[in-house]
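First the structure, in the form of C-alpha coordinates, and then the observations on it.
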Amino acid sequence: MLKSFNIELLADIRRFPGSKKYPQFNQENLAKALKEAGIDYIHLEELGGRRKMQKDSINTRWRNESFRGYADYMQTSAFKNAIESLEDIAETRTTALMCSEAVWWRCHRSMVADELKAKGWTVLHIMAKGKSEEHPYTSPAIVIGDQVFYTDDKRTLLSKKDENKI
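Those letters in the sequence shown? Residues 40 to 205, per the numbering used here, in order.
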(Lines of atoms letter the chains of each structure in order from A and count residues from 1; the text may use other names and numbers.)
(Lines give C-alpha, C1' and ligand atoms only; values in the text may rest on other atoms or scores of the structure.)
Protein backbone atom coordinates (compact mmCIF):
# COMPACT_ATOMS: atom_id res chain seq x y z
CA MET A 1 0.00 0.00 0.00
CA LEU A 2 2.76 2.48 0.94
CA LYS A 3 4.67 1.69 -2.25
CA SER A 4 1.64 2.71 -4.34
CA PHE A 5 2.15 6.24 -2.96
CA ASN A 6 5.96 6.21 -3.27
CA ILE A 7 6.36 6.50 0.50
CA GLU A 8 10.03 6.71 1.47
CA LEU A 9 9.64 7.07 5.23
CA LEU A 10 7.03 5.93 7.73
CA ALA A 11 6.80 8.18 10.80
CA ASP A 12 5.28 6.27 13.71
CA ILE A 13 3.43 8.72 15.94
CA ARG A 14 2.28 6.20 18.51
CA ARG A 15 3.41 7.27 21.95
CA PHE A 16 3.98 3.62 22.82
CA PRO A 17 5.00 1.80 19.59
CA GLY A 18 3.92 -1.73 20.41
CA SER A 19 0.97 -4.07 19.97
CA LYS A 20 0.21 -7.26 21.87
CA LYS A 21 -2.63 -8.10 19.52
CA TYR A 22 -0.65 -7.45 16.31
CA PRO A 23 3.04 -8.13 17.01
CA GLN A 24 3.98 -7.33 13.41
CA PHE A 25 3.30 -3.71 14.35
CA ASN A 26 5.76 -3.67 17.26
CA GLN A 27 8.45 -1.09 16.63
CA GLU A 28 11.28 -3.56 15.93
CA ASN A 29 9.21 -5.87 13.70
CA LEU A 30 7.70 -2.99 11.79
CA ALA A 31 11.05 -1.25 11.22
CA LYS A 32 12.54 -4.51 9.92
CA ALA A 33 9.65 -5.24 7.54
CA LEU A 34 9.70 -1.69 6.21
CA LYS A 35 13.45 -1.80 5.64
CA GLU A 36 13.02 -5.01 3.63
CA ALA A 37 10.45 -3.15 1.51
CA GLY A 38 12.82 -0.21 1.00
CA ILE A 39 10.98 2.16 3.34
CA ASP A 40 12.67 3.85 6.28
CA TYR A 41 11.10 4.05 9.74
CA ILE A 42 11.26 6.68 12.45
CA HIS A 43 9.45 6.85 15.78
CA LEU A 44 8.34 10.37 16.72
CA GLU A 45 7.19 9.87 20.30
CA GLU A 46 6.73 13.62 20.80
CA LEU A 47 3.78 13.51 18.39
CA GLY A 48 2.23 10.54 20.18
CA GLY A 49 -1.28 10.57 21.58
CA ARG A 50 -2.60 9.56 24.98
CA ARG A 51 -2.20 13.03 26.48
CA LYS A 52 -4.06 14.10 29.59
CA MET A 53 -6.65 16.81 29.45
CA GLN A 54 -5.70 19.93 31.40
CA LYS A 55 -8.03 21.01 34.21
CA ASP A 56 -8.30 24.47 32.66
CA SER A 57 -8.62 23.20 29.08
CA ILE A 58 -10.01 25.73 26.62
CA ASN A 59 -10.45 23.09 23.90
CA THR A 60 -14.14 22.64 24.58
CA ARG A 61 -15.06 21.95 20.96
CA TRP A 62 -13.78 18.41 21.58
CA ARG A 63 -16.19 16.43 23.76
CA ASN A 64 -13.95 13.36 23.85
CA GLU A 65 -11.40 13.70 26.67
CA SER A 66 -8.59 12.03 24.76
CA PHE A 67 -8.96 14.41 21.82
CA ARG A 68 -9.27 17.36 24.18
CA GLY A 69 -6.12 16.21 25.96
CA TYR A 70 -4.25 16.09 22.66
CA ALA A 71 -5.59 19.54 21.73
CA ASP A 72 -4.18 20.81 25.03
CA TYR A 73 -0.84 19.19 24.20
CA MET A 74 -0.86 20.87 20.78
CA GLN A 75 -0.49 24.21 22.55
CA THR A 76 2.88 23.24 24.05
CA SER A 77 6.35 24.00 22.77
CA ALA A 78 7.10 20.25 22.77
CA PHE A 79 4.36 19.71 20.18
CA LYS A 80 5.41 22.73 18.10
CA ASN A 81 9.02 21.49 18.05
CA ALA A 82 7.89 17.99 17.07
CA ILE A 83 5.78 19.35 14.20
CA GLU A 84 8.76 21.38 12.99
CA SER A 85 10.90 18.23 13.06
CA LEU A 86 8.28 16.36 11.07
CA GLU A 87 8.10 19.20 8.54
CA ASP A 88 11.89 19.14 8.14
CA ILE A 89 11.74 15.41 7.41
CA ALA A 90 8.80 15.73 5.01
CA GLU A 91 10.56 18.51 3.08
CA THR A 92 13.05 15.97 1.75
CA ARG A 93 11.19 12.63 1.77
CA THR A 94 7.70 11.42 0.94
CA THR A 95 6.43 10.64 4.43
CA ALA A 96 3.46 8.76 5.84
CA LEU A 97 2.23 8.94 9.43
CA MET A 98 0.93 5.94 11.32
CA CYS A 99 -0.67 5.28 14.67
CA SER A 100 -2.71 2.48 16.24
CA GLU A 101 -6.11 3.41 14.85
CA ALA A 102 -6.87 2.15 11.36
CA VAL A 103 -8.99 5.14 10.40
CA TRP A 104 -7.74 8.70 10.74
CA TRP A 105 -10.99 10.20 12.07
CA ARG A 106 -10.75 8.10 15.24
CA CYS A 107 -7.14 9.04 15.87
CA HIS A 108 -5.04 12.00 16.93
CA ARG A 109 -3.54 11.80 13.42
CA SER A 110 -6.58 13.85 12.42
CA MET A 111 -5.38 16.68 14.64
CA VAL A 112 -1.79 16.43 13.41
CA ALA A 113 -3.27 16.60 9.91
CA ASP A 114 -5.25 19.74 10.90
CA GLU A 115 -2.01 21.36 12.04
CA LEU A 116 -0.09 20.42 8.90
CA LYS A 117 -2.91 21.54 6.59
CA ALA A 118 -3.11 24.91 8.37
CA LYS A 119 0.63 25.30 7.74
CA GLY A 120 0.08 24.81 4.01
CA TRP A 121 0.81 21.10 3.59
CA THR A 122 -1.33 18.87 1.41
CA VAL A 123 -2.34 15.97 3.63
CA LEU A 124 -3.64 12.78 2.06
CA HIS A 125 -5.13 9.90 4.01
CA ILE A 126 -4.16 6.56 2.48
CA MET A 127 -7.31 4.46 2.46
CA ALA A 128 -6.20 1.48 0.35
CA LYS A 129 -3.64 0.62 -2.30
CA GLY A 130 -3.71 3.53 -4.74
CA LYS A 131 -6.67 5.17 -2.97
CA SER A 132 -6.45 8.30 -0.85
CA GLU A 133 -8.55 11.25 0.23
CA GLU A 134 -7.48 14.78 1.01
CA HIS A 135 -7.75 15.75 4.66
CA PRO A 136 -10.78 17.87 5.54
CA TYR A 137 -10.35 19.83 8.75
CA THR A 138 -11.94 18.08 11.71
CA SER A 139 -15.33 19.58 12.58
CA PRO A 140 -14.13 21.13 15.89
CA ALA A 141 -11.21 22.94 14.19
CA ILE A 142 -11.13 26.70 13.87
CA VAL A 143 -8.25 27.85 11.67
CA ILE A 144 -6.83 31.36 12.00
CA GLY A 145 -3.87 32.01 9.75
CA ASP A 146 -1.64 28.97 10.15
CA GLN A 147 -2.94 28.08 13.60
CA VAL A 148 -5.59 25.58 14.65
CA PHE A 149 -7.86 26.07 17.65
CA TYR A 150 -10.52 23.86 19.19
CA THR A 151 -12.06 26.48 21.43
CA ASP A 152 -15.14 28.66 21.50
CA ASP A 153 -13.38 31.05 23.91
CA LYS A 154 -13.96 34.38 22.17
CA ARG A 155 -11.06 36.13 23.91
CA THR A 156 -8.57 33.54 22.67
CA LEU A 157 -9.91 33.63 19.14
CA LEU A 158 -10.15 37.43 18.97
CA SER A 159 -6.60 37.90 20.24
CA LYS A 160 -5.32 35.47 17.59
CA LYS A 161 -7.30 37.24 14.85
CA ASP A 162 -5.80 40.58 15.96
CA GLU A 163 -2.26 39.11 15.99
CA ASN A 164 -2.69 37.90 12.41
CA LYS A 165 -3.64 41.39 11.19
CA ILE A 166 -0.22 42.77 12.09
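A virtual CB, placed ideally from N, CA and C, is assigned to each residue, including glycine.
Please return the same chain residues whose Cβ sits closer than 8 Å to the Cβ of A72, not counting the five positions on each side in sequence. Mapped onto the sequence shown, residue 72 falls at position 33. For A72, where only same-chain residues beyond five positions count, the Cβ hits under 8 Å are Q63.
Name the one or two DSSP bridge partners that F188 has. In the sequence shown, counting from the first residue as 1, residue 188 sits at position 149. Bridge partners of F188 according to DSSP: I181.
Starting from the Cα of Q114, find the closest Cα among R194, L197, K193, Y189 and give me that residue. Looking up residue 114 in the sequence shown gives position 75. Comparing Cα positions, the closest option is Y189.
Rounded separation between R145 and V151 - CA only: Taking the first residue of the sequence shown as 1, we reach residue 145 at position 106. Taking the first residue of the sequence shown as 1, we reach residue 151 at position 112. The alpha-carbon atoms of R145 and V151 are separated by roughly 12 Å.
How would you write the range of the alpha helix (DSSP H) that I165 sits in, first residue to last? For the purposes of this step, residue 165 is taken as residue 126 along the sequence shown, with counting starting at 1. Run containing I165: none in the alpha helix (DSSP H); it sits in the beta strand (DSSP E), 163-167.
Jot down the residue ranges of each uninterrupted beta strand (DSSP E) in the stretch 61-97, minimum 3 residues, whole runs only, in chain order. Scanning the stretch 61-97 from its first residue to its last, the whole beta strand (DSSP E) runs of 3-plus residues come out as 79-82.
For the alpha helix (DSSP H) holding K119, just list the boundary residues, first then last. Position 80 of the sequence shown, counting from 1, holds the residue named residue 119. Per DSSP, K119 belongs to the alpha helix (DSSP H) from 116-131.
Roughly how many angstroms lie between the CA atoms of E88 and H174, to the nearest whole one? Position 49 of the sequence shown, counted from the first residue, corresponds to residue 88. Position 135 of the sequence shown, counted from the first residue, corresponds to residue 174. First, the amino acid is wrong: residue 88 is Gly here, not Glu. Approximately 19 Å between the Cα atoms of the pair.
Can you give the Cα-Cα distance for I248 and Y176, rounded to whole angstroms? Past the boundaries of the shown model lies residue 248; the chain is included only from 40 to 205, so the question cannot be answered.
Selection from S178, V162, P179 that minimises the alpha carbon distance to S171: Position 132 of the sequence shown, counting from 1, holds the residue named residue 171. With distances taken between CA atoms, S171 lies nearest to V162 out of S178, V162, P179.
Enumerate in chain order the residues of its own chain whose CB-to-CB distance from R53 is below 7 Å, with the five nearest sequence positions on each side excluded. Residue mapping note: residue 53 aligns to position 14 of the sequence shown, counting from 1. Once the five neighbours on either side are set aside, the close Cβ partners of R53 are G87, C138, S139.
Helix, strand or coil for S105, going by three-state DSSP, please let me know. Here the question's residue 105 lines up with position 66 in the sequence shown. Correct three-state label for S105: helix.
When burial is assigned at 16 or more other CB atoms within 10 Å of the CB, is I46 buried or exposed? For the purposes of this step, residue 46 is taken as residue 7 along the sequence shown, with counting starting at 1. It counts as buried.
How would you label S149, buried or exposed, when you count the other beta carbons within 10 angstroms and need 16 or more for buried? Numbered from its first residue, the sequence shown carries residue 149 at position 110. Answer is buried; the Cβ neighbour count reaches 16.
Identify whether E173 lies in helix, strand or coil by the three-state DSSP scheme. Position 134 of the sequence shown, counting from 1, holds the residue named residue 173. Shown here, E173 sits in a strand according to DSSP, grouped into three states.
What ranges does the alpha helix (DSSP H) occupy inside the stretch 137-161, keeping only unbroken runs of at least 4 residues that lie completely in it? Runs of the alpha helix (DSSP H) inside the stretch 137-161: 148-157.
Same chain, Cβ closer than 8 Å to S124, neighbours up to 5 away in sequence not counted: Translated into positions along the sequence shown, residue 124 becomes position 85. Answer for S124: L83, E85, listed in chain order.
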